[in-house]
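S.K.: After the structure tokens below, expect a handful of questions from me.
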Amino acid sequence: MIKEFVDVLVIGAGPSGCVSASYLHKNNIKIKVVEKTKFPRLVVGESLIPRVMDHFAEAELFECLDAMNFEKKLGARFIRGEEICVFDFSQKFGEGWDWTWQVPRADFDNTMAQEVIRKGIDLEFETEVLEVSFEGKNSKTIVKDKDGNLKEIHAKFIIDSSGYGRVLPRLLDLDTPSKLDPHSSIFTHVKDINRPEGEEGTQISFDILETEVWLWVIPFSNGNTSLGVVGPTDFINSLSENKDNAEALRNAIQKSDYYIKRFNGTEFLFEPVKLENYSRAVKRMYGDGFALTGNSSEFLDPVFSSGVAFATESGMLAAKLYIKESQGIEVDWEVEFTEYMKRGIAVFTTYVKEWYTGNLQTLFFHQPENPEVKEKICSVLAGYVWNEENPFVKKHDHVIQNMAYLLNMQKEQNENPSVN
Ligand code: FAD
81 MIKEFVDVLV
91 IGAGPSGCVS
101 ASYLHKNNIK
111 IKVVEKTKFP
121 RLVVGESLIP
131 RVMDHFAEAE
141 LFECLDAMNF
151 EKKLGARFIR
161 GEEICVFDFS
171 QKFGEGWDWT
181 WQVPRADFDN
191 TMAQEVIRKG
201 IDLEFETEVL
211 EVSFEGKNSK
221 TIVKDKDGNL
231 KEIHAKFIID
241 SSGYGRVLPR
251 LLDLDTPSKL
261 DPHSSIFTHV
271 KDINRPEGEE
281 GTQISFDILE
291 TEVWLWVIPF
301 SNGNTSLGVV
311 GPTDFINSLS
321 ENKDNAEALR
331 NAIQKSDYYI
341 KRFNGTEFLF
351 EPVKLENYSR
361 AVKRMYGDGF
371 ALTGNSSEFL
381 DPVFSSGVAF
391 ATESGMLAAK
401 LYIKESQGIE
411 VDWEVEFTEY
421 MKRGIAVFTT
431 YVKEWYTGNL
441 QTLFFHQPEN
451 PEVKEKICSV
461 LAGYVWNEEN
471 PFVKKHDHVI
481 QNMAYLLNMQ
491 KEQNENPSVN
């Protein structure tokens with residue numbers, strides 16, 4: 081069997097793997113990336129948040145992406161019947177990028193992977209990891225290439241960015257149930273033939289159909305738009321008696337007063353894909369000789385578009401910590417990797433939970449708007465969830481609940497002034 085020797089093996093060439101690989105290469109680490117599929121490949125996760133731009137810039141992937149003229153995302157719009165709440169990333173608390181992109185991921189990921197190859201990184205498509213064994217920190221990975229040939233890759237460290245492939249969580253029994261309720265989604269792309277002119281046509285939007293059910297509308301610069309419905313798994317399953325994903329998505333579109341005209345009867349560009357019970361969690365995020373990054377570790381919920389940002393944050397951090405360790409500097413992976421990542425994950429977990437309780441929706445749609453509250457929430461939605469100067473980060477575990485309680489009480493009093 082052919083044997084290859086590298087410092088770091090990166091499994092998966094999604095955003096997490098590409099950011100890791102590019103940063104390691106920039107720092108003269110000998111790496112190899114193996115990717116199971118042939119790019120471009122379909123993957124969900126098309127609405128980015130500004131925090132990712134820090135990672136693309138640092139990993140020197142920004143320019144190739146910028147050259148693609150993807151649709152710029154300047155904020156996000158939430159719709160609930162007649163009520164509308166727009167977040168503008170330039171109106172946020174603290175420092176940070178005030179724009180990002182909304183992207184067809186097949187093209188986006190392929191752009192990054194081709195750039196990684198152009199930099200001279202050894203990236204092999206259609207090469208799947210079958211087995212991994214460790215001796216101390218050193219690992220031996222068996223991969224199978226597109227012609228069925230097996231190869232042994234010896235690495236000092238593995239960054240597992242295999243997404244839902246979950247290579248090491250599966251092989252090392254690291255999966256654990258998510259703390260979030262089971263939610264599912266069905267999505268596709270459409271040719272957006274009724275797209276209105278101007279901002280209305282290109283604005284990324286989340287249309288709340290019921291407290292726990294929402295539709296995403298993500299217009300791309302190529303004229304297509306991504307449409308998806310998200311909700312509790314039982315609800316998503318009830319959208320079509322025959323388990324027909326196209327019928328289910330059409331039924332969801334029918335429920336949207338705002339979008340029914342634009343998308344009713346629009347042809348789907350591919351058979352809608354169902355992602356059932358999509359949240360994931362792991363018992364631990366690292367071990368001797370490996371780190372789990374991106375969806376291979378945790379995935380929460382699409383509602384705040386945080387998936388790619390966590391993927392690139394953890395991919396970049398794992399690369400930096402490996403470099404530090406390779407320089408003979410001790411790394412405390414528990415503190416520097418797990419605890420750091422968990423702090424950000426905890427903030428978004430609260431926001432996801434409070435979205436589905438309806439408390440966050442109370443804050444979003446409250447009138448008159450409170451600009452000071454809004455800019456702090458906006459900073460969280462932009463992905464700056466490690467900025468503890470932001471009280472909506474630092475006190476995330478109770479601030480939303482408390483404010484929603486007060487607003488609801490105030491509303492009740494206004495509606496029934498005689499009740500004390
Ligand atoms: P991926 O992009 O999934 O890449 C992993 C790669 O590993 C794949 O290319 C795969 O082929 C490869 N691989 C798998 N197994 C193997 C193997 N055995 N050997 C070699 N290679 C392998 N995130 C957002 O930021 N915005 C959104 O709007 C958003 N919407 C979402 C909607 C839904 C319904 C869901 C479920 C998720 C959404 N996400 C969103 C999350 C987003 O899809 C992921 O967080 C993101 O793609 C993770 O990137 P990654 O690099 O970790 O994994």
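Take 81 as the starting number for the sequence shown in the numbering used here and just add one per residue.
Glycine is no exception: its CB is placed at the ideal position from the N, C-alpha and C atoms.
Fair warning: this is a prediction, and the values are worked out from it, not measured in the lab.
Can you tell me whether I201 is helix, strand or coil according to DSSP?
M.R.: Here the question's residue 201 lines up with position 121 in the sequence shown. Coil.
S.K.: Check this for me: beta carbons of E206 and K231, under 8 Å apart or not?
M.R.: The sequence position of residue 206 within the sequence shown is 126, counting from 1. The sequence position of residue 231 within the sequence shown is 151, counting from 1. Going by C-beta atoms, E206 is not nearer than 8 Å to K231.
S.K.: Of all the options L401, L397, R360 and A371, which has the alpha carbon lying nearest to the alpha carbon of D381?
M.R.: One-based indexing of the sequence shown puts residue 381 at position 301. Of L401, L397, R360 and A371, the residue nearest in Cα terms is R360.
S.K.: Which residues share a DSSP beta bridge with A361?
M.R.: Against the sequence shown, residue 361 aligns to sequence position 281. Per DSSP, T256.
S.K.: For K456, is the beta carbon positioned less than 7 Å from some heavy atom of the ligand FAD?
M.R.: Locating residue 456 in the sequence shown gives position 376, counting from the first residue. No.
S.K.: DSSP three-state label for F300, please.
M.R.: Counting from one through the sequence shown, the residue named residue 300 turns up at place 220. Three-state result, F300: coil.
S.K.: What do you get for K454, buried or exposed, if any count of 16 or more other CB atoms within 10 angstroms of its CB means buried?
M.R.: By 1-based counting over the sequence shown, the position of residue 454 is 374. Buried is the call here.
S.K.: For S376, verify whether its CB is less than 7 Å away from any heavy atom of the ligand FAD.
M.R.: Position 296 of the sequence shown, counting from 1, holds the residue named residue 376. Answer for S376: yes, Cβ within range of the ligand FAD.
S.K.: If contacts are defined as beta-carbon pairs under 8 Å, then H476 and V427 qualify, I think. What distance do you get, rounded to the angstrom?
M.R.: Working through the sequence shown from its first residue, we reach residue 476 at position 396. Working through the sequence shown from its first residue, we reach residue 427 at position 347. Their Cβ separation, rounded to whole angstroms, is 5 Å, which keeps H476 and V427 in contact under 8 Å.
S.K.: Just grab the DSSP bridge partners of Y366 for me.
M.R.: Position 286 of the sequence shown, counted from the first residue, corresponds to residue 366. According to DSSP, Y366 bridges with A371.
S.K.: Give the DSSP-derived three-state secondary structure of T282 in the structure shown.
M.R.: Start at 1 with the first residue of the sequence shown, and residue 282 comes out as number 202. Three-state result, T282: helix.
S.K.: Where E497 and M483 are concerned, what is the direct C-alpha to C-alpha distance, given to the nearest angstrom?
M.R.: Numbered from its first residue, the sequence shown carries residue 497 at position 417. Numbered from its first residue, the sequence shown carries residue 483 at position 403. In the sequence under discussion, the amino acid at residue 497 is Pro, which differs from the Glu named in the question. About 20 Å.
S.K.: When you compare each of F167, P120, L251 and S242 to T392 by their alpha carbons, which one comes out closest?
M.R.: Stepping through the sequence shown from its first residue, residue 392 is reached at position 312. The candidate whose alpha carbon is nearest that of T392 is S242.
S.K.: Could you tell me the boundaries of the alpha helix (DSSP H) in which E393 lies?
M.R.: In the sequence shown, the residue the question calls residue 393 occupies position 313. G387 to S406 is the span of the alpha helix (DSSP H), which, as asked, contains E393.
S.K.: Which residues in the same chain as L128 place their Cβ atom closer than 8 Å to its Cβ, once the five residues preceding and following it in sequence are excluded?
M.R.: Reading the sequence shown from its first residue, position 48 is the one you call residue 128. So the qualifying residues of the chain are K153, T180, W181, Q182, V183, S385, V388 and A389.
S.K.: Hey, which unbroken runs of the alpha helix (DSSP H) at 4 residues or more fall wholly within the segment 173-259?
M.R.: Counting whole runs of 4 or more residues, the segment 173-259 contains the alpha helix (DSSP H) stretches 185-198 and 247-251.
S.K.: Report the residue from G176, I111 and P95 whose alpha carbon sits nearest the alpha carbon of P130.
M.R.: Along the sequence shown, one-based indexing puts residue 130 at 50. Here the closest residue by C-alpha is G176.
S.K.: Looking at the unbroken beta strand (DSSP E) that takes in A156, where does it start and where does it end?
M.R.: Here residue 156 refers to the residue found at position 76 when the sequence shown is read from its first residue. Where A156 is concerned, the enclosing beta strand (DSSP E) stretches over G155 to R160.
S.K.: Identify which residue in F267, P352, E419 and V297 has its Cα closest to the Cα of R342.
M.R.: Your numbering for residue 342 matches position 262 in the sequence shown. Residue V297 is the option with its Cα nearest to R342.
S.K.: Considering only C-alpha positions, which residue in the set T305, P276 and I284 is nearest to F267?
M.R.: On the sequence shown, position 187 is the one that residue 267 refers to. Ranking the options by Cα distance to F267, first place goes to T305.
S.K.: Per DSSP, what are the beta-bridge partners of F379 in this structure?
M.R.: In the sequence shown, residue 379 corresponds to position 299, counting from 1. Partner(s): R360.
S.K.: With H, G and I counted as helix, E and B as strand and the rest as coil, what does DSSP make of C102?
M.R.: Here residue 102 corresponds to residue number 22 of the sequence shown, with the count starting at 1. The residue you asked about is not Cys; residue 102 is Ser in the sequence shown. If DSSP states are grouped into helix, strand and coil, S102 belongs with the helices.
S.K.: What does DSSP give as the partner residue(s) for E84 in the beta ladder?
M.R.: Your numbering for residue 84 matches position 4 in the sequence shown. Paired residue(s): I233.
S.K.: Please name the residue, chosen from N229, I238, K106 and V209, that lies closest to R198 on a Cα-to-Cα basis.
M.R.: Residue 198 sits at position 118 when you count from the first residue of the sequence shown. Ranking the options by Cα distance to R198, first place goes to K106.
S.K.: Should A326 be labelled buried (16 or more other beta-carbon atoms within 10 Å of its own) or exposed?
M.R.: The count along the sequence shown starts at 1 and reaches residue 326 at position 246. With fewer than 16 other Cβ atoms within 10 Å, it is exposed.
S.K.: Contact criterion: CB-CB distance below 8 Å. Does Q481 meet it with respect to chain B?
M.R.: Reference to chain B is not applicable here, since this structure consists of a single protein chain.
S.K.: Can the beta-carbon of V196 be found closer than 8 Å to that of A101?
M.R.: Against the sequence shown, residue 196 aligns to sequence position 116. Against the sequence shown, residue 101 aligns to sequence position 21. Cβ distance < 8 Å, so V196 and A101 count as in contact.
S.K.: Could you tell me the alpha carbon to alpha carbon distance between D178 and E419, rounded to whole angstroms?
M.R.: Translated into the one-based positions of the sequence shown, residue 178 becomes position 98. Translated into the one-based positions of the sequence shown, residue 419 becomes position 339. D178 and E419: Cα-Cα distance of roughly 27 Å.
S.K.: I need the DSSP call for W466, collapsed to helix, strand or coil.
M.R.: Counting from one through the sequence shown, the residue named residue 466 turns up at place 386. Three-state result, W466: coil.
S.K.: When DSSP builds the beta bridges, which residues end up paired with L355?
M.R.: Residue mapping note: residue 355 aligns to position 275 of the sequence shown, counting from 1. Its beta-bridge partners are S265.
S.K.: CA-CA distance, V166 and L251?
M.R.: Sequence index remark: in the sequence shown, residue 166 carries index 86 (1-based). Sequence index remark: in the sequence shown, residue 251 carries index 171 (1-based). If I take the Cα positions, the gap works out to 43 Å.
S.K.: Among the candidates T191, L203, K236 and E414, whose CA atom is the shortest distance from the CA of V212?
M.R.: Residue 212 sits at position 132 when you count from the first residue of the sequence shown. Nearest C-alpha to V212: K236.
S.K.: What would DSSP say about F343, mapped onto helix, strand or coil?
M.R.: Along the sequence shown, read from residue 1 onward, the residue named residue 343 stands at position 263. Reduced to three states, the DSSP call for F343 is helix.
S.K.: Evaluate P249 with the Cβ neighbour count: other Cβ atoms within 10 Å of its Cβ, from every protein chain shown; 16 or more gives buried, anything less gives exposed.
M.R.: Stepping through the sequence shown from its first residue, residue 249 is reached at position 169. P249 is buried by the Cβ-count criterion.
S.K.: For the segment 259-274 and the segment 394-407, state whether three or more C-beta atom pairs, one from each stretch, are separated by less than 8 Å.
M.R.: At 8 Å Cβ cutoff, the stretches do not touch.
S.K.: With hydrogens ignored, establish whether the beta-carbon of V114 is closer than 7 Å to any heavy atom of the ligand FAD.
M.R.: Walking along the sequence shown from the start, residue 114 turns up at place 34. Result yes, Cβ under 7 Å from the ligand FAD.
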